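By the count of this note's numbering, the sequence shown reaches residue 304 at its end, each step adding exactly one. Glycine is no exception: its CB is placed at the ideal position from the N, C-alpha and C atoms. Note that the structure is a prediction, hence the values are computed from the model and not measured.
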Amino acid sequence: MNERMLQRCRTWDYRARGIYMITLTTLNRRPLFGRLVGGETAPAICRSTLGELVARCWEAIPSHFPDVGASVEAPMVMPDHFHGVLFVYKEQAKPLGAIIRGFKAGVSKEARALGLAEGPIWAPGFHDRILFQKGQLEHMLAYIRDNPRRLAVKQAHPELFRVVRDLPLVGHTFAAIGNHFLLDRPVRLALQCSRRISSEALAHQQEQLLAQARQGAVLISPCISPGEKQIARAALEAELPLVVLLENGFPPLYKPPKRYFEACAQGRLLMLAPWPYHSQKRTITREQCLALNGFAARLASP
């Protein structure tokens with residue numbers, strides 16, 4: 003397959019029927035497809051003529067691939083990228099990349115004919131996400147529709163979404179995104195729970211930590227054990243400050259996932275990664291768990 007897939011499920015046959023969320027970017031992330039208008043209060047994308055062409059070509063996919071449906075409810079044309087959902091109803095003779103290659107080529111050919119673009123429009127490859135589980139489609143469509151608002155938030159608060167690659171802390175260099183000033187709070191508490199903790203002890207620990215966070219303390223945790231994850235979720239839901247240590251770093255153009263995004267926008271989250279980004283699916287090792295918990299302990303206030 004010529005069309006390079008930047009994110010791929012290696013155990014999946016991409017000729018199979020399925021539902022796929024597709025993300026495509028412009029070459030060098032140039033804002034060719036439109037511009038954001040309305041700010042945080044009423045964000046929307048004002049499409050350029052080229053952006054309108056992208057939407058039309060996406061909606062025309064079923065006419066070229068009869069067993070494939072393209073989402074017309076929520077194809078999202080952003081200034082420098084595009085999100086859409088494909089419904090593949092029957093097994094295809096060629097893999098998913100052939101459909102995407104045809105779409106991109108069609109946009110480029112028509113854009114050249116209309117004089118809308120000089121040189122390449124698209125970055126190589128594409129990202130895909132396969133929607134396996136019940137409810138994923140609704141969540142993904144909601145995510146797509148929310149893109150203009152997230153862009154408006156990032157433009158209004160760029161300092162909270164800028165990835166810093168060389169932040170020196172406790173004798174180590176971290177990649178970081180979020181509110182660095184959380185580490186200046188006088189009370190910083192390392193959150194660590196044993197996997198064998200009883201439900202009663204966990205509830206008590208959560209109550210104590212959230213009470214201290216409401217008084218201004220910052221919770222710091224790699225969120226490895228189920229108990230740590232539960233307390234961190236509770237802190238986020240209560241809009242309390244949190245520092246999260248991650249096994250993986252941040253790829254280029256990283257955007258925090260939904261709950262983390264909202265916390266970043268409100269300045270109550272800092273994400274720290276002590277090791278470089280990797281694209282492989284890895285199981286965290288015991289040594290990494292111990293190292294992350296050690297960083298949390300050193301970042302906590304004395």
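{"Item": "Please give me, in chain order, every unbroken run of the beta strand (DSSP E) with length at least 3 that falls completely inside the stretch 10-48.", "Value": "20-27, 36-39"}
{"Item": "What whole-angstrom Cβ distance do L193 and L221 have, given they're in contact under 8 Å?", "Value": "5 Å"}
{"Item": "Entirely within the stretch 58-114 and at least 4 residues each: give me those alpha helix (DSSP H) ranges in chain order.", "Value": "63-66"}
{"Item": "For a test of the three-state rule: what should DSSP assign to P2, helix, strand or coil?", "Value": "In the structure as shown, the chain begins at 3 and stops at 304. Residue 2 is therefore absent and cannot be evaluated."}
{"Item": "Quick one: Cα of F252 to Cα of L88, how far?", "Value": "27 Å"}
{"Item": "Roughly how many angstroms lie between the CA atoms of P224 and Q290, to the nearest whole one?", "Value": "10 Å"}
{"Item": "Suppose you measure from the CA of L34 to the CA of L52; what does that come to, to the nearest Å?", "Value": "7 Å"}
{"Item": "For A236, collect the residues of the same chain with a Cβ closer than 7 Å to its Cβ; drop the 5 residues on either side in sequence, then sort them by chain order.", "Value": "Q208, L212"}
{"Item": "Does the beta-carbon of L55 have 16 or more other beta-carbons within 10 angstroms, so that it is buried, or is it exposed?", "Value": "buried"}
{"Item": "With S201 as the anchor, note down where its alpha helix (DSSP H) starts and where it stops.", "Value": "201-216"}
{"Item": "Among the residues of its own chain, which have a CB less than 6 Å from the CB of M78, if the five just before and after it don't count?", "Value": "H85, I146, N149"}
{"Item": "Could you have a look at T51 and say whether DSSP puts it in helix, strand or coil?", "Value": "helix"}
{"Item": "Can you tell which of I132, S303, V246, R167 has its C-alpha closest to the C-alpha of T13?", "Value": "I132"}
{"Item": "How many angstroms separate the CA atom of S50 from the CA atom of L255?", "Value": "23 Å"}
{"Item": "According to DSSP, A192 sits in a beta bridge with which residue or residues?", "Value": "I222"}
{"Item": "Under the DSSP definition of a beta bridge, which residues are partnered with D130?", "Value": "I24"}
{"Item": "Can you pull the DSSP bridge partners for W124?", "Value": "T28"}
{"Item": "Specify whether the stretch 170-181 and the stretch 261-279 touch according to this definition: at least 3 beta carbon pairs, one from each stretch, less than 8 Å apart.", "Value": "yes"}
{"Item": "How many Å lie between D130 and E112 at the Cα?", "Value": "24 Å"}
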